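Numbering that gives the first Met the number 0 puts the first residue of the sequence shown at 0, with every later residue one more than the last. Report on the following structure.
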Amino acid sequence: MKKLTRKEEVIMNHFWDHGPLFVRELRELYPEPRPHFSTLSTQVRTLQEEGFIGHKAYGPTYQYFARVSREEYKQRSLIGLIDKYFDNSYISAVSALVKEEKISVEQLRELIELVEKQS
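Listed below in structure tokens is the structure:
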């Protein structure tokens, strides 16, 4: 799955947070100065071509909706990150987090306990 750009991620967050939207409704969710309707429409169509968004036609206008959930995107992004930067080694990824002090050994123990309870 392609990684979203910052602007695309903002758009997807609006769909994830608000559900199906027309482009004019999407535009209203932005603070001033809002993006131009045509710019936003182009970005939405690009996301549709990439499979992130689908649409339903209402006469000559379309209502768009997320085809990929936030959770699915996060999971696929994490898998891609681990594959790309850690040679598909989850142990190396977690080890790097511990080494960089982003997660403590105690937090790692808590995580292990949580996973064991779920199994």
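Backbone N, C-alpha and C define an ideal beta-carbon position, used for all residues, glycine too. Keep in mind that this is a model prediction, so the values were computed, not measured.
Between ARG26 and PHE14, the alpha-carbon positions lie close to 12 angstroms from each other. Listed as beta-bridge partners of ALA65 by DSSP are ILE52. Between PHE21 and GLN47 a beta carbon distance of about 14 angstroms is seen, past the 8 angstroms cut, so the two are scored as non-contacting.
By the C-beta criterion, the region 38-56 is judged to be in contact with the region 2-12, since at least 3 inter-stretch pairs fall below 8 angstroms. Residue pairing by DSSP places THR60 opposite TYR57 in a beta bridge.
With a cutoff of 7 angstroms on beta-carbon distance, ILE52 and ARG75 are scored as not near each other.
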